[in-house]
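Residue numbers (my numbering): 1 to 237.
This is the structure:
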């Protein structure tokens, strides 16, 4: 029986190699550089970018936003642009090299300060416009009812943020720090539940992979992977 199974496995492998081997190699030759250097998608497993990006979102990443890189490396072949205030960037954590999605808050030479979850950049305070919780009906309870949502306007950009005031956290106060040359300060839009530059420090320019541009599809990980159709193909701001 074992011999027969081995023979069958070998026969199937030989057939695939003979009939499809060239095609598979060609596809790998095309797909690997494409995903590594031009465009990619990633499932988001955590809520650190709530309410902008939710757990279970599959996001499209423009890997040419900042650089054209040598496939499978961080070596830049062509510099296209630098991260800007408000970008939703994909980057490697300086702490453990994990790939993260965070918002760019501070640029080189900026001074960043956070006071009771209110952001200041170069001494200029952000303004906040309260948003109703019904705006984010896709978010699970009880988090949605406990959270406060607002549009944060700073450095000429506006984007949503959230906090949960009833849960104590040391993350609401930080700095001031001045960002060194060639580095950036990033934060999650979920200000009370994000491991970001407040914890692991500033991020080198070369660690940036690309920009998250759009939600492709979205699945509710907490409800049997039910699709969130209203988030399909949603542009990210």
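No residue lacks a Cβ here, since even glycine has one placed at the ideal position from N, Cα and C.
Subject >> Beta-carbon proximity list for residue 70, same chain, < 7 Å, skipping 5 on both sides >> reply: Position 70 of the chain shown, counting from 1, holds the residue named residue 70. The residues are 77.
| message | If you reduce the DSSP assignment to three classes, tell me which class residue 166 lands in. | response | In the chain shown, the residue the question calls residue 166 occupies position 166. The answer is coil: DSSP assigns residue 166 none of H, G, I, E or B.
For this session: Excluding the 5 residues preceding and the 5 following residue 191 in the sequence, name in chain order all residues of the same chain whose CB lies nearer than 6 Å to its CB.
Result: Taking the first residue of the chain shown as 1, we reach residue 191 at position 191. The beta carbon of residue 191 sits closer than 6 Å to the beta carbons of 117, 161 and 163 from its chain, once the five residues preceding and following it are set aside; these are given in chain order.
message = Measuring only the C-alpha atoms, how far is residue 144 from residue 132?
response = What you label residue 144 is simply residue 144 of the chain shown in a count that begins at 1. What you label residue 132 is simply residue 132 of the chain shown in a count that begins at 1. Straight-line Cα distance between these residues: approximately 10 Å.
Are there 16 or more other CB atoms within 10 angstroms of the CB of residue 185, so buried, or fewer, so exposed? To locate residue 185, count along the chain shown from 1; it is residue 185. So residue 185 ends up on the buried side.
Measure how close the beta-carbons of residue 59 and residue 73 come, nearest whole angstrom, since I'm counting them as under 8 Å. Translated into positions along the chain shown, residue 59 becomes position 59. Translated into positions along the chain shown, residue 73 becomes position 73. That belief does not hold up - the Cβ atoms of residue 59 and residue 73 are roughly 22 Å apart, past 8 Å.
Task: C-alpha distance - residue 223 paired with residue 202, whole-angstrom precision - done: On the chain shown, position 223 is the one that residue 223 refers to. On the chain shown, position 202 is the one that residue 202 refers to. For residue 223 and residue 202, the distance between alpha carbons rounds to 36 Å.
Same chain only: Cβ atoms within 7 Å of residue 130, ignoring 5 sequence neighbours per side:
Position 130 of the chain shown, counting from 1, holds the residue named residue 130. Its chain contains 150 as the residues whose beta carbon lies nearer than 7 Å to that of residue 130, once the 5 sequence neighbours on both sides are disregarded; these appear in chain order.
List the endpoints of the continuous beta strand (DSSP E) containing residue 105. For the purposes of this step, residue 105 is taken as the residue at position 105 of the chain shown. Per DSSP, residue 105 belongs to the beta strand (DSSP E) from 99–106.
Practice problem: Using the DSSP secondary-structure output, state which residues sit across from residue 84 in a beta bridge. | Solution: The count along the chain shown starts at 1 and reaches residue 84 at position 84. According to DSSP, which records beta bridges pairwise, residue 84 is partnered with nothing at all.
According to DSSP, what are the bridge partners of residue 130?
-> Along the chain shown, one-based indexing puts residue 130 at 130. Per DSSP, 150.
Proximity below 8 Å, CB of residue 38 to CB of residue 112
Residue 38 sits at position 38 when you count from the first residue of the chain shown. Residue 112 sits at position 112 when you count from the first residue of the chain shown. Residue 38 places its beta carbon 8 Å or farther from that of residue 112.
- Task: Could you pull out every residue in the same chain whose Cβ sits closer than 6 Å to the Cβ of residue 221, ignoring the five residues on either side in sequence?
- Result: Along the chain shown, read from residue 1 onward, the residue named residue 221 stands at position 221. Contacts found: 55 and 56.
Based on DSSP bridge pairs, tell me the residues matched to residue 219. To locate residue 219, count along the chain shown from 1; it is residue 219. Bridge pairing for residue 219: 227 [DSSP].
If you reduce the DSSP assignment to three classes, tell me which class residue 177 lands in. In the chain shown, residue 177 corresponds to position 177, counting from 1. Correct three-state label for residue 177: strand.
According to DSSP, simplified to helix, strand and coil, what is residue 240? Look at the range of the chain in this structure, 1 to 237, and you will see that residue 240 is not part of it.
- Message: Using only the alpha-carbon positions, how far apart do residue 225 and residue 219 sit?
- Response: Indexing the chain shown from 1 puts residue 225 at position 225. Indexing the chain shown from 1 puts residue 219 at position 219. Roughly 5 Å between the two C-alpha positions.
### Task
Under 7 Å Cβ to Cβ from residue 127, same chain only, skipping five residues before and after it: list those, please.
By one-based count along the chain shown, residue 127 stands at place 127. So the qualifying residues of the chain are 153.
- Identify whether residue 74 lies in helix, strand or coil by the three-state DSSP scheme. For the purposes of this step, residue 74 is identified with residue 74 of the chain shown, where counting begins at 1. Coil.
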